[in-house]
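Have a look at the structure below before the remarks.
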Ligand SMILES: Cc1cc2nc3c(=O)[nH]c(=O)nc-3n(C[C@H](O)[C@H](O)[C@H](O)COP(=O)(O)O)c2cc1C
């Protein structure tokens, strides 16, 4: 049976598309097919030791759901249902979609909402991702200078998505998996996060971040608790 569950929320379909790309690039039956969180029960999530959870940020820095004016229920409603469930012993990696241009003051804020929920529920959160390669002014989802999960921007940097997903797949081939993803550190006060990497092309800015994340994932000599 698959050991890695892949669940996503979405409004307009981009996060579903990225979840499918992740599944395709992993190309491995240890990862389950992606499931929309509005079709999942808490037992569906608890069936896995490892979870990859994806969300867009919508509304005013919200998770998708009715309050964020989505047509369907999504993460917002799911988390209400999951409240009180222990995720102790589960290892969780997050990916989040956002728009760093139009929403550069609250870029991928949805990530921190999933992070806080599952961390408070006892899960070990892994997969911090460097902020190099993005231009935004502020994000609640940055802890110790890293996003708490992989940030994807299909609106402004769609050309970088394949490389970012590919890095994830390459790390998977190492068979080391989640154990060596860096853990995120203590949450720092939400000081504005400065713009990163201005003056370079998107491709140039993305490369160091992708390499660093892949290195962290593969555990090539890095302390998993020390960050990337
Ligand atoms: C109404 C609306 C509000 C949004 N709010 C944010 C936001 O606060 N922060 C952010 O980073 N992106 C924001 N976005 C951008 C979306 O997260 C982005 O377009 C994402 O790819 C949508 O994913 P989906 O197609 O899976 O719903 C917003 C988009 C819309 C349409």
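Residue numbers (our numbering): 328 to 555.
Yeah, the Cβ is synthetic: ideal placement off N, Cα and C, and Gly gets one too.
If you reduce the DSSP assignment to three classes, tell me which class residue 344 lands in. helix
Taking the beta strand (DSSP E) that residue 420 falls in, what are its first and last residues? 418-424
Opposite residue 451 in the DSSP bridges: which residues? 418
Could you tell me the alpha carbon to alpha carbon distance between residue 331 and residue 406, rounded to whole angstroms? 20 Å
Just reading off the beta strand (DSSP E) that residue 477 is part of, what are its end residues? 477-479
Under 8 Å, with one C-beta from each stretch per pair, do the segment 340-347 and the segment 378-385 reach the 3-pair mark? yes
Would you check whether ligand 1 has a heavy atom nearer than 8 Å to the C-beta of residue 482? yes
Please list, in chain order, all residues of the same chain as residue 477 whose beta carbon is under 8 Å from its beta carbon, the five residues on each side excluded. 420, 421, 422, 423, 454, 456, 491, 495 and 540
Using a threshold of 9 Å, state whether the C-beta atoms of residue 413 and residue 434 are closer than that. no
May I have the straight-line CA-CA distance separating residue 360 from residue 463, to the nearest angstrom? 32 Å
Between residue 334 and ligand 1, is the CB less than 8 Å from at least one heavy atom? no
DSSP state of residue 553, grouped into three classes? Low confidence applies here, because residue 553 scores a pLDDT of 27, under 50, leaving its location unreliable; read the following figure in that light. Reduced to three states, the DSSP call for residue 553 is coil.
Classify residue 365 as helix, strand or coil using the three-state DSSP reduction. helix
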